[in-house]
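A.B. asks: Before I ask anything, here is the structure I am working with.
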Amino acid sequence: MAGSILNCSVTKIINYEFKDPSILEEALTHPQAQRMDAQNQSLNYERLEFVGDSVLGFVISLMLFKMFPHQKEGILTERKMALVRGSTLSKIAKDIGLDKCIILGGPYKCVASDLENALEAVVGAIYIDGGLDPVERFIFRHWRKLALDQLPTPPKSSKNTLQEWAHAQKLPIPEYAILEKTGPNHEPEYTVSVSVKNHGETSASATSKKGAELKAAEKMLKKLGVIDSGDFNSKKVSSQVFVVTEPQNWIVEKKDHVKPGKTISAKEVSTIGPLW
Numbered sequence: 054m055a056g057s058i059l060n061c062s063v064t065k066i067i068n069y070e071f072k073d074p075s076i077l078e079e080a081l082t083h084p085q086a087q088r089m090d091a092q093n094q095s096l097n098y099e100r101l102e103f104v105g106d107s108v109l110g111f112v113i114s115l116m117l118f119k120m121f122p123h124q125k126e127g128i129l130t131e132r133k134m135a136l137v138r139g140s141t142l143s144k145i146a147k148d149i150g151l152d153k154c155i156i157l158g159g160p161y162k163c164v165a166s167d168l169e170n171a172l173e174a175v176v177g178a179i180y181i182d183g184g185l186d187p188v189e190r191f192i193f194r195h196w197r198k199l200a201l202d203q204l205p206t207p208p209k210s211s212k213n214t215l216q217e218w219a220h221a222q223k224l225p226i227p228e229y230a231i232l233e234k235t236g237p238n239h240e241p242e243y244t245v246s247v248s249v250k251n252h253g254e255t256s257a258s259a260t261s262k263k264g265a266e267l268k269a270a271e272k273m274l275k276k277l278g279v280i281d282s283g284d285f286n287s288k289k290v291s292s293q294v295f296v297v298t299e300p301q302n303w304i305v306e307k308k309d310h311v312k313p314g315k316t317i318s319a320k321e322v323s324t325i326g327p328l329w
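So the sequence shown is numbered by our numbering: it starts at 54 and just counts up by one.
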């Protein structure tokens, strides 16, 4: 479906009035449209997409840095990757109606990657036309809820949790080693150890190397007192808890007294300042 700036109220969708409307038109023009500028050069969103990719990454990083002041770099990186991945961008683009605004060529139909590219190009266009302030507002408006919906962030695995704990204690990364492999090739059993500097080692066995590593890491977490005894997947991890202080534009606060996994009511938290 071919879009048009004239029929999709794109400035209302973006909530930004361009000083130079031609930049917006360029941001919404698909390469298949085969448009040319005054110098007979191809006119499409690819150059603005290049800029928008970098701007989006920077602003998302800044947003997460402010929203989660106590989280480690590794967790912030995971959050950022989730917020800038293609599926997230295409969903946002479709949710705001950008799919109806892309200028296509001939019978070509818009696909998910086109939505990703156009959204990044729009981000780049807003930055080129208006600078950092309006692009921050645009990104915060459409990405903030997704960032908050990620709360709480559960550990992906016992290995991940152990590594985060070691990092917090300023210790080297835990080291894993295969102690033994037994059984036939079609049904092997691995015994793996994990060691943490100044805290000894633990070992465990499983039918896969990864499974043995996870079990060994779980044992180490129990030894360190990071998790309770019992199965890792059914127990709460003794890690920092972050709760949203307001549903709109407030940042996130650490609550030491709150147990992981507990739902927090608005009355239990205090506002500590606007994000922007």
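Every residue, glycine too, gets a C-beta built ideally from N, C-alpha and C.
None of these values were measured; they are calculated from a predicted model.
With distances taken from CA atoms, which of Asp167, Lys268, Glu240, Ala221 is nearest Ser210?
C.D. replies: Among Asp167, Lys268, Glu240, Ala221, the Cα nearest to that of Ser210 belongs to Lys268.
A.B. asks: Going by the CB atoms, is the gap between Gln216 and Pro227 shorter than 8 Å?
C.D. replies: Gln216 is positioned such that its CB atom lies closer than 8 Å to that of Pro227.
A.B. asks: Under DSSP, the alpha helix (DSSP H) around Leu77 begins and ends at which residues?
C.D. replies: From DSSP, the alpha helix (DSSP H) with Leu77 extends over 74-80.
A.B. asks: Give the DSSP bridge partners of Ala257, in chain order.
C.D. replies: Val245
A.B. asks: In chain order, what residues of the same chain lie with their CB nearer than 7 Å to the CB of Ala55, ignoring the 5 residues before and after it?
C.D. replies: Because Ala55 sits at a pLDDT of 45, beneath the cut-off of 50, its placement in the model cannot be relied upon, and the following sentence gives the value as read from the coordinates. Residues of the same chain with a CB within less than 7 Å of the CB of Ala55, apart from the 5 flanking positions on each side, are Ile156, Leu157 in chain order.
A.B. asks: Counting along the chain, where does the alpha helix (DSSP H) carrying Ala135 start and finish?
C.D. replies: 126-137
A.B. asks: Give the straight-line distance between the Cα atoms of Val249 and Ile113, rounded to the nearest whole angstrom.
C.D. replies: Val249 and Ile113 have their alpha carbons spaced roughly 34 Å apart.
A.B. asks: Going along the chain, which residues of its own chain have a beta-carbon closer than 7 Å to the beta-carbon of Ile44, five neighbours each way excluded?
C.D. replies: No statement about residue 44 is possible, as the shown extent of the chain runs from 54 to 329 and does not include it.
A.B. asks: For Glu99, name the three-state secondary structure that DSSP assigns.
C.D. replies: helix
A.B. asks: Three Cβ pairs or more, each shorter than 8 Å: is that satisfied between the region 93-105 and the region 114-126?
C.D. replies: no
A.B. asks: Taking just the CA atoms, how far does Tyr229 sit from Glu102?
C.D. replies: 42 Å
A.B. asks: Relative to the C-alpha of Lys147, which candidate in Ile67, Lys276, Thr235, Glu271 has its C-alpha closest?
C.D. replies: In terms of CA proximity to Lys147, Ile67 leads the group Ile67, Lys276, Thr235, Glu271.
A.B. asks: Excluding sequence positions up to five away, which residues of its chain have a Cβ less than 8 Å from the Cβ of Lys234?
C.D. replies: Pro241, Glu242, Tyr243, Thr244
A.B. asks: Going by alpha carbons, who is nearest to Ile181 out of Thr64, Asp73, Ser62?
C.D. replies: When only C-alpha atoms are compared, the closest one is Asp73.
A.B. asks: Suppose contacts are defined by Cβ-Cβ distances below 8 Å. Is Ala173 in contact with Ser143 by that definition?
C.D. replies: A quick correction: the sequence has Glu, not Ala, at residue 173. No. Outside cutoff.
A.B. asks: Just how far apart, CA to CA, sit Ile76 and Ser62?
C.D. replies: 16 Å
A.B. asks: Which of helix, strand or coil does DSSP assign to Lys250?
C.D. replies: coil
A.B. asks: By the 10 Å Cβ neighbour count, where 16 or more other Cβ atoms means buried, how is Arg132 classified, buried or exposed?
C.D. replies: buried
A.B. asks: Using C-beta distances below 8 Å, list every residue in its chain close to Glu70, excluding the 5 sequence neighbours before and after it, in chain order.
C.D. replies: Thr64
A.B. asks: Closest by CA to Val137, which one among Gly264, Leu109, His83, Glu126?
C.D. replies: Leu109
A.B. asks: According to the neighbour-count rule (16 or more other Cβ atoms, all chains shown, within 10 Å of its Cβ), is Leu151 buried or exposed?
C.D. replies: buried
A.B. asks: Identify whether Tyr32 lies in helix, strand or coil by the three-state DSSP scheme.
C.D. replies: Residue coverage of the chain in this structure runs from 54 to 329, which leaves residue 32 outside it and unanswerable.
A.B. asks: For the alpha helix (DSSP H) that contains Glu189, what are its first and last residues?
C.D. replies: 185-202
A.B. asks: List the endpoints of the continuous beta strand (DSSP E) containing Ala230.
C.D. replies: 228-235
A.B. asks: Helix or strand or just coil, what does DSSP make of Ile155?
C.D. replies: coil
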